[in-house]
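Trainee:
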Amino acid sequence: MRVVIARCSVDYHGALEAHLPLATRLLMVKADGSVLVHSDGGSYKPLNWMAPPCSMAQTDPDEVEAEQGVTQVWQVSHGKRDDTLRVKIHEVLSDTSHDLGVDPGLVKDGVEAQLQALLAEHITTLGEDWTLLRREFPTAIGPVDLLCRDAAGTTVAVEIKRRGDIDGVEQLTRYLELLNRDPHLSPVQGVFAAQLIKPQARVLATDRGIRCVTLDYEALRGIDDAEARLF
Numbered sequence: 001m002r003v004v005i006a007r008c009s010v011d012y013h014g015a016l017e018a019h020l021p022l023a024t025r026l027l028m029v030k031a032d033g034s035v036l037v038h039s040d041g042g043s044y045k046p047l048n049w050m051a052p053p054c055s056m057a058q059t060d061p062d063e064v065e066a067e068q069g070v071t072q073v074w075q076v077s078h079g080k081r082d083d084t085l086r087v088k089i090h091e092v093l094s095d096t097s098h099d100l101g102v103d104p105g106l107v108k109d110g111v112e113a114q115l116q117a118l119l120a121e122h123i124t125t126l127g128e129d130w131t132l133l134r135r136e137f138p139t140a141i142g143p144v145d146l147l148c149r150d151a152a153g154t155t156v157a158v159e160i161k162r163r164g165d166i167d168g169v170e171q172l173t174r175y176l177e178l179l180n181r182d183p184h185l186s187p188v189q190g191v192f193a194a195q196l197i198k199p200q201a202r203v204l205a206t207d208r209g210i211r212c213v214t215l216d217y218e219a220l221r222g223i224d225d226a227e228a229r230l231f
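For the sequence shown, position 16 (counting from the first letter as 1) is numbered 16 according to the UniProt record's numbering, and the numbering increases by one without interruption.
(1) Checking 8 Å against the spacing of the C-beta atoms, do Glu-65 and Val-76 come in under that value?
(2) Inspect the beta-carbon positions of Leu-36 and Pro-46 and report whether they are closer than 8 Å.
(3) Just tell me which of Thr-96, Gly-14 and Asp-95 has its CA closest to the CA of Asn-48.
(4) Whole angstroms is fine: what's the gap from Pro-52's alpha carbon to Leu-185's?
(5) Once you ignore the five residues that flank Ile-197 on each side, which residues in its own chain have a CB closer than 7 Å to its CB?
(6) Determine the direct distance from the alpha carbon of Gln-195 to that of Arg-229, and round the result to whole angstroms.
(7) Would Arg-7 and Val-29 be called neighbours here (beta carbons separated by less than 8 Å)?
(8) Just the Cα atoms here: how many angstroms apart are His-19 and Leu-27?
(9) Classify Gly-222 as buried or exposed, calling it buried when 16 or more other Cβ atoms lie within 10 Å of its own Cβ.
(10) Distance check for Glu-159 and Glu-112, CA to CA, integer angstroms please.
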């Protein structure tokens, strides 16, 4: 990653036109090609940016720009659109590059993968005499989180989310449509499980015959009363 602190102005041309007047800013050029312009405020959000695929060319200013005090120009062009980001640098205060290596990704407590593992381990949380057939059951449109069999022997597809919204219900609906074409599995019912299920998602799931289950992550970890694992 290249990190530059410079006095600069920035112009964005494309679907919208945006201008940042001359000021001291932080410029970031990432290994994936993205370029971000930050100020000393506004939390994590950049003032402007160009996301990949894009390319950057560093050039000398033209005569007019040179007369205005510009010493170098970054011309960033998007690979699929006509959008351009033009950074006119007047003074570089710091310019460093760092090899950050391969990032392992964000690990958060209680995310979907952990919820999936916990629920698979305690599948009877969903009902007595339930059995787990497989985690990450493969389909042509992606893996189903858990494929189970309930006490009556019916196949059940379980979709697990940290926060359950309408998109999650739609995703489970697509899985159910596909799974119910398989005579070895059909009929397949659905369970939408999440730590928090939004009211709109619950209404849509109920309308489609999908059971909603609110997960208590701490209870699944065995921290709380085992009698209150779901509510």
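C-beta: ideal position from N, C-alpha, C; glycine also.
Mentor: So, from the data block:
(1) No, Cβ-Cβ distance for Glu-65 and Val-76 is not below 8 Å.
(2) yes
(3) Gly-14
(4) 42 Å
(5) Gly-164, Cys-212 and Thr-214
(6) In this prediction, Arg-229 has a pLDDT of 42, which is less than 50 and means its spatial position is unreliable; nothing more can be read from the coordinates.
(7) no
(8) Taking C-alpha positions only, His-19 is separated from Leu-27 by approximately 15 Å.
(9) exposed
(10) Cα to Cα, the separation comes out at about 10 Å.
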